[in-house]
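Enquirer: In my numbering, the protein residues as written are 43 to 301.
Here's what the structure looks like:
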């Protein structure tokens, strides 16, 4: 197999051939290919804090040699320390395929409040995004429902989790991404980032009076989806679709109905 340029796309939305292979085997679209070994128990990316402050959500990845991990919290009056509890079920040296990356949540005994949020094995605090600030979709295409699956980098093939990707590092400004999917392996991701980092290139469009642009992902090579980005005055909003059944009009309708 020749060397393929890495493309930053969502796991499970690789090629139609990959979809066909997944459908034939009955595997999840987010369980394709070979995944690197999972690292330690630290939470390294930003954490979503629920509206009532009692639930924390983090991006967690694991490989096929592990059971689904748990996100746990150790609470004191002044601190909350998160940790990923991992349980390996395969012997050393086993090939760890069918990995996954998902949002996992943990409830707190008391609201986070002003307590310091950190992670086991990490010397600094964890970045947060407040769920109360998330723009909510008032419209989604037919068949789309929320998914806990998060981003990965994909070679076609193989597939592996990018540990340095946006779900597993703290961005320059608070940011959070949510995924929506269909049973036919379509995917739609909504990213919200504080400040204006919207691109100025691409096909121009207006989103509720704000200038936006459609760009193709990846910018060269096989088209696997389009991204609509715009700045609403507070947040850079980005909607990425990876579904050949969706049109720009569908994505624009999602954007215009965020509230």
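Backbone N, C-alpha and C fix where the C-beta goes; we use that ideal spot for every residue, glycine too.
May I ask you to report which of helix, strand or coil DSSP gives residue 298?
Expert: Position 256 of the chain shown, counting from 1, holds the residue named residue 298. Helix at residue 298.
Enquirer: Does the Cβ-Cβ distance between residue 293 and residue 272 come in under 8 Å?
Expert: Taking the first residue of the chain shown as 1, we reach residue 293 at position 251. Taking the first residue of the chain shown as 1, we reach residue 272 at position 230. Contact: no.
Enquirer: So if DSSP puts residue 116 in a beta bridge, which residue, or which two residues, is it bridged to?
Expert: As a first step, residue 116 must be located in the chain shown, where it is residue number 74. DSSP lists 123 as partners of residue 116.
Enquirer: Tell me the rounded alpha-carbon separation between residue 68 and residue 189.
Expert: Within the chain shown, numbered from 1, the residue matching residue 68 stands at position 26. Within the chain shown, numbered from 1, the residue matching residue 189 stands at position 147. Note on residue 68: pLDDT 33, under 50, position unreliable in the model; the coordinate value appears next. Straight-line Cα distance between these residues: approximately 18 Å.
Enquirer: Which residue or residues does DSSP assign as beta-bridge partners of residue 159?
Expert: As a first step, residue 159 is located in the chain shown; it is residue number 117 there, counting from the start. Beta-bridge pairing links residue 159 to 122.
Enquirer: Within 10 angstroms of its Cβ, does residue 174 collect 16 or more other Cβ (buried), or is it exposed?
Expert: Along the chain shown, one-based indexing puts residue 174 at 132. That one is exposed.
Enquirer: How long is the line joining the alpha carbons of residue 284 and residue 118, rounded to whole angstroms?
Expert: Taking the first residue of the chain shown as position 1, residue 284 is located at position 242. Taking the first residue of the chain shown as position 1, residue 118 is located at position 76. About 43 Å.
Enquirer: Indicate whether residue 113 and residue 91 have their beta-carbon atoms separated by less than 8 Å.
Expert: Translated into positions along the chain shown, residue 113 becomes position 71. Translated into positions along the chain shown, residue 91 becomes position 49. Against a cut-off of 8 Å, the Cβ pair of residue 91 and residue 113 comes out as no contact.
Enquirer: Pick helix, strand or coil for residue 164, following the three-state DSSP scheme.
Expert: Looking up residue 164 in the chain shown gives position 122. Coil.
Enquirer: Relative to the C-alpha of residue 278, which candidate in 230, 215, 299 and 296 has its C-alpha closest?
Expert: For the purposes of this step, residue 278 is taken as residue 236 along the chain shown, with counting starting at 1. Answer by Cα proximity: 215.
Enquirer: Could you have a look at residue 109 and say whether DSSP puts it in helix, strand or coil?
Expert: Within the chain shown, the letter at position 67 stands for residue 109. In the structure shown, residue 109 sits in coil (DSSP, three-state: anything other than H, G, I, E or B).
Enquirer: Quick one: using the 10 Å Cβ neighbour count with 16 as the cut-off for buried, is residue 145 buried or exposed?
Expert: Along the chain shown, read from residue 1 onward, the residue named residue 145 stands at position 103. Buried.
Enquirer: Would you call residue 143 buried or exposed, if buried means 16 or more other Cβ atoms sit within 10 Å of its Cβ?
Expert: Position 101 of the chain shown, counted from the start, is the residue given in the question as residue 143. Buried, since its Cβ has 16 or more Cβ neighbours within 10 Å.
Enquirer: For residue 99, does the count of other Cβ atoms within 10 angstroms reach 16, so buried, or fall short, so exposed?
Expert: By one-based count along the chain shown, residue 99 stands at place 57. The residue in question, residue 99, is buried, as its Cβ has 16 or more Cβ neighbours within 10 Å.
Enquirer: Taking DSSP as the reference, what is the three-state secondary structure of residue 236?
Expert: Along the chain shown, read from residue 1 onward, the residue named residue 236 stands at position 194. If DSSP states are grouped into helix, strand and coil, residue 236 belongs with the strands.
Enquirer: Mapping the DSSP letters down to three states, classify residue 174 as helix, strand or coil.
Expert: For the purposes of this step, residue 174 is identified with residue 132 of the chain shown, where counting begins at 1. The answer is helix: DSSP assigns residue 174 an H, G or I state.
Enquirer: Quick one: using the 10 Å Cβ neighbour count with 16 as the cut-off for buried, is residue 220 buried or exposed?
Expert: Here residue 220 corresponds to residue number 178 of the chain shown, with the count starting at 1. Burial call: buried.
Enquirer: Buried or exposed for residue 158, please, with buried defined as at least 16 other CB atoms from any protein chain shown within 10 angstroms of its CB.
Expert: Counted from its first residue, the chain shown places residue 158 at position 116. Exposed is the call here.
Enquirer: When you compare each of 97, 84 and 275 to residue 172 by their alpha carbons, which one comes out closest?
Expert: Working through the chain shown from its first residue, we reach residue 172 at position 130. Comparing Cα-Cα distances from residue 172 to each of 97, 84 and 275, the minimum goes to 97.
Enquirer: In terms of alpha-carbon separation, which member of 184, 223 and 230 lies closest to residue 269?
Expert: Taking the first residue of the chain shown as position 1, residue 269 is located at position 227. For the residues 184, 223 and 230, the minimum Cα distance to residue 269 belongs to 230.
Enquirer: Give me, in chain order, the residues of the same chain whose beta-carbon lies closer than 8 Å to that of residue 160; leave out the 5 immediate sequence neighbours on both sides.
Expert: Along the chain shown, one-based indexing puts residue 160 at 118. Cβ within range, chain order: 121, 122, 123, 124, 166, 167 and 168.
Enquirer: Quick check: what's the CA-CA separation for residue 255 versus residue 282?
Expert: As a first step, residue 255 is located in the chain shown; it is residue number 213 there, counting from the start. As a first step, residue 282 is located in the chain shown; it is residue number 240 there, counting from the start. Roughly 12 Å separates the two Cα atoms.
Enquirer: In the DSSP output, what is residue 142 paired with across the bridge?
Expert: The residue you call residue 142 lines up with position 100 of the chain shown. In the DSSP output, where bridge partners are listed per residue, residue 142 has 104.
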